[in-house]
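I have placed the structure first, in the form of structure tokens, so that the comments after it can refer back to it.
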Amino acid sequence: MSHFDLEECFRLESPIHCWEARARVLSILVLIFSVALAGDIPKALAGLAVALLLIVISRLPLDHVARFMKWPALFLLPFVIILPFTTSGDPLFSISAIAPSAQGLSTGLLFFIRGLAAALLALLIVATAPFTVTIRALRDMGLPGSLEQIFLFAYRYIFLLNEELTTMSRSMDSKGFIKRSDFKTARILSLSLAMLLIRSYERAEEVFLAMISRGYTGTIHVGSRREIGMDDILKCFLVLSAAIGIQAL
Amino acid sequence: MKAIEVENLSYSYPDGTPALDGVTFSVLKGESIALLGPNGAGKSTLLLHLNGLLRGSGLVRIMDREIEEHSLGWIRSQVGVVFQDPDDQLFMPTLKEDVAFGPRNMGLSEAEVQKRVRWALESVGLLNLSERSPHHLSFGQRKKASLATVLSMRPMVLVLDEPTSNLDPRSKTEMIRLIRKLQAEGTTLVTATHDVNTVPLLADRILLLNRKLVSNGEAREILQRRELLRELGLEMPLFADLFLELRAEGCYSGPTPFTKEEAKAAIRNYFKK
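Sequence lines, in order, name chains Y and E.
Residue numbers are given in our numbering: position 86 of the first sequence equals residue 67, and the series is strictly consecutive.
Residue numbers are given in our numbering: position 210 of the second sequence equals residue 211, and the series is strictly consecutive.
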């Protein structure tokens, strides 16, 4: 399987998986905020350590986690590379005009570590329960119904759009289209993206008809939820303590 | 009792293209009919009228109740529509949620919803995949799943748009068996299809449509009318076509076979003579 298979992860059994959804989402969101507000590298490293510990407890396969994390890491890496050269401060070393600053490196590393920790924690939210359960928890916490439906459909149809994009790309390749860095290529790619939008619009109309035919009147009804137990509260307490602890360091 | 009554139904698309012109027919409770016609004949458009998704001029009654604004909720719980493309039908993140969508909109208790979800998924043989996302199912499984999403509403009338299209032979056989089983349990079925070879297996009666109702009659009788079918760009079922030609050449005189079993019996009888 080429993409990160969340469904395989939902079926795992761990203390994180059996944590009540609202309690889990709320506690981990607080922890993410705490990590994001970490003002120095030791605090950020503590946040990363907590995130890694939770990942281990969740029993998510580490190769899956690594595969998922390569994208946030790639996105965050430029901070470590660029900031030392764009932030003024004490030079780490100097080669002719190139003198990366210690302050820049420190800021870059701080962003990098905070970002990695936050991405790991976000992964914990989405990979330890079916998407509908997580979205339901968010709705219970005040997420507007329209946003809930957008998230639900985005999750369902993003894969379909990807398949359609792949089909269109193969079709173009089969007709001898070669991607180059020229205006013609840009024009053809824009046209194919426009076609994808039109297809998506047509699909949306069909989906809407299918929903109406099954009694949809504007609200998506979801099943009953389980109550929050003592063990859920204990887990909340531990995670929130970690969030406070990171700030108190 | 009539499950469906359509009287003088006409409909044009917003751009003015006529789709249906004065269509009149009725379907008895528990009957299975096939809607046959070329591309653009208005088959899918007609199906959408049976659930109140489109509203043309004329009259549509389901179980003696006219489709009107205030009866739409009831109509939609009684007439289940299975769309041609399963990706239009399966819009929730998991199969289970999708199958529960209709019953929950009907306001049923969660216990009843779960009971129906289980029954519907069991009926189509997908109970073990209930937690899966639709994008992780094969096309054949998605087709069956589409049917389950409607079965869970236990509709009196089931409207199917090309239920066997793009299915491999095994999935096609399973789908036909399932449709017949539903009919045996009392469901009224309306199936739009191009696949003339499956019609004798699926339906007792045919409505031949080309914007207007061209013919309405017993399936095996209509499927032998070569000229009529050709005029509409349709073909005869393979076995019927072959044996009618043999009859025209004076080589065969028995009843026209429509299925492999019937053809096998006809050939066996021929060689016995």
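Backbone N, C-alpha and C fix where the C-beta goes; we use that ideal spot for every residue, glycine too.
Is it a yes or a no for the stretch 181 to 198 of chain Y touching the stretch 74 to 82 of chain E, going by three-plus beta-carbon pairs under 8 Å?
They touch, by the three-pair rule.
Could you tell me whether any Cβ in chain E is nearer than 8 Å to the Cβ of V188 of chain Y?
As a first step, residue 188 of chain Y is located in the first sequence; it is residue number 207 there, counting from the start. Chain E, which has a Cβ nearer than 8 Å to the Cβ of V188 of chain Y, makes this yes.
Between A35 of chain E and the rest of its own chain, which residues show a CB-CB distance below 7 Å, the 5 nearest in sequence each way excluded?
Residue numbering aside, residue 35 of chain E sits at position 34 when the second sequence is read from its first letter. Cβ within range, chain order: T192, T194, V200, L203, A204, I207, A220.
Measuring only the C-alpha atoms, how far is R206 of chain Y from P125 of chain Y?
Within the first sequence, the letter at position 225 stands for residue 206 of chain Y. Within the first sequence, the letter at position 144 stands for residue 125 of chain Y. Distance between R206 of chain Y and P125 of chain Y, taken at the CA atoms: about 18 Å.
Below 8 Å on the Cβ atoms is my guess for R117 of chain Y versus A2 of chain Y; work out the distance and round it to an integer in Å.
The sequence position of residue 117 of chain Y within the first sequence is 136, counting from 1. The sequence position of residue 2 of chain Y within the first sequence is 21, counting from 1. Yes, they are in contact, since the Cβ atoms of R117 of chain Y and A2 of chain Y sit about 7 Å apart, within 8 Å.
Below 8 Å between beta carbons: does that hold for K144 of chain E and P164 of chain E?
Here residue 144 of chain E refers to the residue found at position 143 of the second sequence. Here residue 164 of chain E refers to the residue found at position 163 of the second sequence. Contact: yes.
If you measure beta-carbon to beta-carbon, which residues of the stretch 40 to 63 of chain E are closer than 8 Å to chain Y?
Listed in sequence order: L49, N52, L54.
Tell me the rounded alpha-carbon separation between L209 of chain E and L172 of chain Y.
Indexing the second sequence from 1 puts residue 209 of chain E at position 208. Indexing the first sequence from 1 puts residue 172 of chain Y at position 191. So the two alpha carbons sit approximately 40 Å from each other.
Where does I201 of chain Y land, buried or exposed, given buried means 16+ other C-beta within 10 angstroms?
Mapped onto the first sequence, residue 201 of chain Y falls at position 220. That one is buried.
So which residues on chain Y does Q142 of chain E lean against when the C-beta distance must stay under 8 Å?
For the purposes of this step, residue 142 of chain E is identified with residue 141 of the second sequence, where counting begins at 1. Simply none; closest approach about 14 Å.
Return the residue from the list E:L37, E:S13, E:G31, E:D22 that minimises the CA-CA distance to E232 of chain E.
Numbered from 1 along the second sequence, position 231 holds the residue referred to as residue 232 of chain E. Measuring from the Cα of E232 of chain E, the nearest candidate turns out to be E:L37.
Does any CB atom of chain E fall closer than 8 Å to the CB of S(-17) of chain Y?
Position 2 of the first sequence holds residue -17 of chain Y. Because S(-17) of chain Y sits at a pLDDT of 43, beneath the cut-off of 50, its placement in the model cannot be relied upon, and the following sentence gives the value as read from the coordinates. Answer no: the Cβ-Cβ gap between S(-17) of chain Y and chain E never drops below 8 Å.
Could one say the Cβ of M154 of chain E lies closer than 8 Å to chain C's Cβ atoms, at least one of them?
As a matter of chain content, chain C is missing from the structure shown, whose protein chains are Y and E.
Does chain E have any CB closer than 8 Å to the CB of T148 of chain Y?
Within the first sequence, numbered from 1, the residue matching residue 148 of chain Y stands at position 167. It does not; no Cβ of chain E falls within 8 Å.
Name the chain Y residues that come within less than 8 Å of T189 of chain E, Cβ to Cβ?
On the second sequence, residue 189 of chain E is found 188 positions in, with the first residue counted as 1. In chain order: nothing, as chain Y lies at least about 16 Å away.
Please confirm if the stretch 17 to 34 of chain E is in contact with the stretch 174 to 191 of chain E, defined as three or more CB-CB distances below 8 Å between the two stretches.
yes
In angstroms with no decimal places, state the Cα-to-Cα distance between I225 of chain Y and L12 of chain Y.
Taking the first sequence and counting its residues from 1, one reaches residue 225 of chain Y at position 244. Taking the first sequence and counting its residues from 1, one reaches residue 12 of chain Y at position 31. A straight-line Cα-Cα distance of about 8 Å links I225 of chain Y and L12 of chain Y.
What residues from chain Y crowd round D88 of chain E, counting only those whose CB sits closer than 7 Å?
Residue 88 of chain E sits at position 87 when you count from the first residue of the second sequence. Here the neighbours are L141.
Compare the C-alpha of F56 of chain Y against each of Y:E(-6), Y:L97, Y:A25, Y:A4 and name the closest.
Walking along the first sequence from the start, residue 56 of chain Y turns up at place 75. For F56 of chain Y, the nearest C-alpha among the options comes from Y:L97.
Could you tell me which chain E residues have their CB closer than 7 Å to the CB of H202 of chain Y, listed as they occur along the chain?
The sequence position of residue 202 of chain Y within the first sequence is 221, counting from 1. Here the neighbours are R105, N106.
For S254 of chain E, which residues of its own chain have a beta-carbon under 7 Å away from its beta-carbon, when the five flanking residues on both sides are left out?
Translated into the one-based positions of the second sequence, residue 254 of chain E becomes position 253. Correct list, in chain order: R248.
Which complete beta strand (DSSP E) runs does the stretch 141 to 212 of chain E hold, if anything under 3 residues is left out?
158 to 162, 189 to 194, 206 to 211
Straight-line CA distance for F102 of chain E to L60 of chain E?
As a first step, residue 102 of chain E is located in the second sequence; it is residue number 101 there, counting from the start. As a first step, residue 60 of chain E is located in the second sequence; it is residue number 59 there, counting from the start. When rounded, the distance between both Cα atoms is 29 Å.
Taking N143 of chain Y as part of the alpha helix (DSSP H), name the residues at either end of that continuous run.
For this step, residue 143 of chain Y is matched to residue 162 along the first sequence. First-last of the alpha helix (DSSP H) with N143 of chain Y: 126 to 155.
Please look up how many angstroms separate the CB atoms of I94 of chain Y and A25 of chain Y, rounded, as I've assumed it's under 8 Å.
Residue mapping note: residue 94 of chain Y aligns to position 113 of the first sequence, counting from 1. Residue mapping note: residue 25 of chain Y aligns to position 44 of the first sequence, counting from 1. Correct: roughly 4 Å between the Cβ atoms.
Restricting to Cα atoms, I'd like to know which of E:K173, E:E132, E:E98, E:F84 is closest to D196 of chain E.
Your numbering for residue 196 of chain E matches position 195 in the second sequence. Of the candidates E:K173, E:E132, E:E98, E:F84, the one whose C-alpha sits nearest the C-alpha of D196 of chain E is E:K173.
Using a Cβ-Cβ distance cut-off of 8 Å, determine whether L133 of chain Y contacts chain E.
Here residue 133 of chain Y corresponds to residue number 152 of the first sequence, with the count starting at 1. Taking Cβ atoms only, chain E reaches closer than 8 Å to L133 of chain Y, which makes this a yes.
From F60 of chain Y to N40 of chain E, what does the alpha carbon distance come to, in whole angstroms?
For the purposes of this step, residue 60 of chain Y is taken as residue 79 along the first sequence, with counting starting at 1. For the purposes of this step, residue 40 of chain E is taken as residue 39 along the second sequence, with counting starting at 1. In a straight line, the C-alpha of F60 of chain Y is about 57 Å away from that of N40 of chain E.
Please confirm if R66 of chain E has its CB atom under 8 Å from at least one CB of chain Y.
Numbered from its first residue, the second sequence carries residue 66 of chain E at position 65. No, its Cβ sits nowhere closer than 8 Å to a Cβ of chain Y.
Please report the Cβ distance between V118 of chain E and V100 of chain E, rounded to the nearest whole angstrom; I am assuming they are in contact, meaning their Cβ atoms lie under 8 Å.
One-based indexing of the second sequence puts residue 118 of chain E at position 117. One-based indexing of the second sequence puts residue 100 of chain E at position 99. Their Cβ separation, rounded to whole angstroms, is 5 Å, which keeps V118 of chain E and V100 of chain E in contact under 8 Å.
Please classify Y271 of chain E: does DSSP put it in a helix, a strand, or coil?
Mapped onto the second sequence, residue 271 of chain E falls at position 270. DSSP places Y271 of chain E in helix when its eight states are reduced to three.
Is it buried or exposed for F112 of chain Y, if we count other Cβ within 10 angstroms and need 16 for buried?
The sequence position of residue 112 of chain Y within the first sequence is 131, counting from 1. So F112 of chain Y ends up on the buried side.
From A27 of chain Y to A47 of chain Y, what does the alpha carbon distance come to, in whole angstroms?
As a first step, residue 27 of chain Y must be located in the first sequence, where it is residue number 46. As a first step, residue 47 of chain Y must be located in the first sequence, where it is residue number 66. So the two alpha carbons sit approximately 20 Å from each other.
Going along the stretch 185 to 209 of chain E in order, which residues come within less than 9 Å of chain Y, judged by CB to CB distance?
none
Quick check on R66 of chain E: buried or exposed, where buried means 16 or more other Cβ atoms within 10 Å of its Cβ?
In the second sequence, counting from the first residue as 1, residue 66 of chain E sits at position 65. Answer is exposed; the Cβ neighbour count stays below 16.
Smallest Cα separation from E6 of chain E: which of E:T189, E:G17, E:M176?
The residue you call residue 6 of chain E lines up with position 5 of the second sequence. Among E:T189, E:G17, E:M176, the Cα nearest to that of E6 of chain E belongs to E:T189.
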